[in-house]
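Counting with the UniProt record's numbering, you get residues 1 to 622 for the letters of the sequence shown.
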Amino acid sequence: MNAPAETRKFEAEVAQVLHLVTHSLYSHKEIFLRELISNASDACDKLRFESIAKPELSAGDSELHIDVSWDPDARTVTIRDNGVGMNRDEVVANIGTIASSGTKRFLEAMSGEQKADARLIGQFGVGFYSAFVVADKVTVITRRADAPASDGVKWESDGKGEYSLEQVEQAERGTSVILHLKADEDEFLKRWQLRSLITKYSDHVAFPIRMPVEKDGKPTDEFETINAASALWTKPKSEISDDDYQSFYKSLGHDFNDALAWTHNRVEGSQSFTTLLYIPSQPPFDLMMGGRDERKGLKLYIKRVFIMDAAEELLPNYLRFVRGVVDADDLPLNVSREILQQNRQLERIKSACVKRVLDLIEKLAKDEPEKFATFYKAFGNTLKEGISEDANNRERIAKLLRFASTKGEGSAQTVSFDDYIGRMPVGQDTIWFITADSFAAAIGSPQLEAFKAKGTEVLLMSDRIDEWMLGSLSEYSGKKLQNVAKGELPLDEADKKKQEESAKEAEPLVKKLKDLLGDRVGDVRVSARLTDSPSCLALADYEMAPHLARLLREAGHDMPENKPTLEINPQHALLKRVEAETDEAKAKDLATLLLEQAEIAAGAQLPDPSAFVQRLNRVLLG
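Laid out in structure tokens, this is it:
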């Protein structure tokens, strides 16, 4: 007995998505066709894969295809596939709700300044709803391949908060999406317009896309294939134009922008496979957020049969921005994700993919500096993750990194480790750097003063990931990496003698400061780093930078409380004032302010900001 028809409300998030999509994509209305054809292609892919184990699923209709038809009298456009189809529960799960973890970020993005940014559609699994940009009613009729004809499902909605579900008789497996066009969308009732959009966005879908032949301005019952319907990556490179590559990328990556670069390779031998890998020109919206949790950048095919989105098995996390396909000849067709994780052949394919991507980035750095700058702005921080994650390629990745420098002219002027080494004076064997939470904090740090005075170049690392990354990068090309704020500075004999004399002379002042500061500090000592500033913090070699410790605490992590080491410049007027101050309360205020200004400059969090303000006011008022 058929289940009765019922009306349901959309989940709240679906309603929000529908409202934003239908009111925001006015400049990219045609996106609906690309998204619905992409969904139909996925359905055909899934059936082809399931049919490997269950050939009966495609029995009697094994030629998979997608039909796009129009009816000028009914004012409808229909996208029909003979793929895997859906049962009632799948319809509710796939259309009535949105399970994607990226939905919240999609909503936030679409309701912000970029609300007309259509490239976000599809990336968040909400492409179906783009149908409501041109349609005031959408009907879906579907039947799963393993269900009887009586278990068809009809879904219908006007996109305003509710949808109806009904069990129907459906002789053919697969899905039809019928768009009832709005009054002002007549352009999509013209065959030439639909065909041009299919050619533009979906020409390289690997299934035939068919349209009715037109006669006297009306569609007939005769269909013809209008797309290339071939796997682009299987063609010789000499037969593929740049426009072909870009068109395929856009259909693959749900992106309106051109790809920045790509690499297309065929490996023959004991293990044969093809890779076509793209670097986008802009990062996916969720790259640094959900991107690590659910990555679908690469599609795995075996003998041109789509198996799965398998980015985790084909590329490491730090290359998760890469889009593309991998088509293997030698993996078993009944491969599962569990088998994939233990498959030695796949490990070789993964190594080859990593090599190809790094080769491509290196080529950009060498031959196309403007494109490399675009790449690095978009993905430089993601690439840095590879220093920790990919020990085998650590040196290659490090060679690609770029940083601001005290020899540059602002944060935009960046240098590589090789540039730095090439400028090293004879006798220097250390790459000096400083980490901070902004370029301004790095370039203005008092810990640079001695280096600036001597003309020693220091790399300025101000991205949040830098401090963490450097935990896995202690040297490059045989040169030690050293933070200017950590440990003792190496001094020549003359400077060492001068430092010892200064420390001996300042012993009473150091003792006074230790007594005044008590357990607020671990140690007080005369600094070899300072020339102009009164004080700074010095860190132990393996101590975390204060700015990173602060960020981690703000993120809810428990961090050990390290008592700071305060370094002072005894020649500075403020230290002379502390030394001469006989009023203990005033001396304590001055000493504490010397510590707190050093903590602020290092990006640390003051334990009691209000006490700092009161203390500062007392000193200012005299």
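Note that beta-carbon positions come from the ideal geometry of N, C-alpha and C, so glycine has one too.
- Collapsing the DSSP output to three states places V322 in coil.
- Across the structure, I387 and E561 are spaced so that their CA atoms are roughly 28 Å apart.
- Residue ranges of uninterrupted alpha helix (DSSP H) with 4 or more members, entirely inside the region 562-587 and ordered along the chain, are 573-580.
- Counting along the chain, W70 sits inside the beta strand (DSSP E) bounded by residues I66 to D71.
- Using a Cβ-Cβ distance cut-off of 8 Å, the region 508-525 and the region 460-475 are not in contact, since fewer than three pairs of beta carbons, one from each stretch, lie closer than that value.
- Taken atom to atom, the span from the alpha-carbon of A538 to that of L360 is near 41 Å.
- Three or more Cβ pairs closer than 8 Å define a contact, and the region 538-553 falls short of that threshold against the region 583-597.
- Counting only the Cα atoms, E567 lies some 11 Å from K514.
- P490 carries a coil assignment under DSSP once its states are collapsed to helix, strand and coil.
- Each residue's CA atom was taken as its position, placing P546 and M461 some 14 Å apart.
- Rounded to the nearest whole angstrom, the CA to CA distance from A229 to Y542 is 58 Å.
- DSSP, reduced to helix, strand and coil, places V267 within a strand of the structure shown.
- With contacts defined as CB atoms closer than 8 Å, V138 and V91 fail to qualify as a contacting pair.
- Residue range F439 to I443 is occupied by the alpha helix (DSSP H) that includes F439.
- Just so you know, the alpha carbons of L36 and I279 end up roughly 25 Å apart.
- For the pair P446 and C536, the CB atoms are nearer than the 8 Å cut-off.
- In this structure the region 208-218 does not touch the region 236-244; the number of beta carbon pairs closer than 8 Å is below three.
- In the three-state reduction of the DSSP assignment, K215 falls in the strand class.
- Each residue's CA atom was taken as its position, placing A43 and M308 some 12 Å apart.
- DSSP places P280 inside the beta strand (DSSP E), whose first and last residues are F273 to P280.
- A residue is called buried once 16 or more other Cβ atoms fall within 10 Å of its Cβ, and E385 is buried on that count.
- Collapsing the DSSP output to three states places I31 in a helix.
- Where L364 is concerned, the enclosing alpha helix (DSSP H) starts and stops at R344 to D367.
- Annotation for N257: S281 and Q282 place their beta carbon closer than 6 Å to its own, counting only its chain and skipping 5 residues before and after.
- Around D367, the same chain offers no residue with a beta carbon nearer than 6 Å, after the five sequence neighbours per side are excluded.
- From the listed residues L346, G380, I302 and R88, the smallest Cα separation to E312 is found for L346.
- Between the region 45-58 and the region 70-86, the count of Cβ pairs shorter than 8 Å is three or higher; the stretches touch.
- In this structure, T234 keeps its C-beta atom at 8 Å or more from the C-beta atom of I209.
- Assignment of E172 by DSSP, reduced to helix, strand and coil, places it in the coil class.
- In the three-state DSSP reduction, N483 falls in the strand class (E or B).
- If you look at E507, you'll find it in the alpha helix (DSSP H) that goes E507 to L517.
- For K299, the enclosing beta strand (DSSP E) begins and ends at L298 to I302.
- Nearest to G622 by C-alpha distance, out of K54, D583 and D136, is D583.
- Contact annotation, N483 with I443: C-beta distance approximately 15 Å; criterion of less than 8 Å not satisfied.
- In this model, F375 and L400 are separated by some 11 Å (Cα to Cα).
- Counted as a single uninterrupted DSSP element, the beta strand (DSSP E) harbouring S157 occupies residues G152 to S157.
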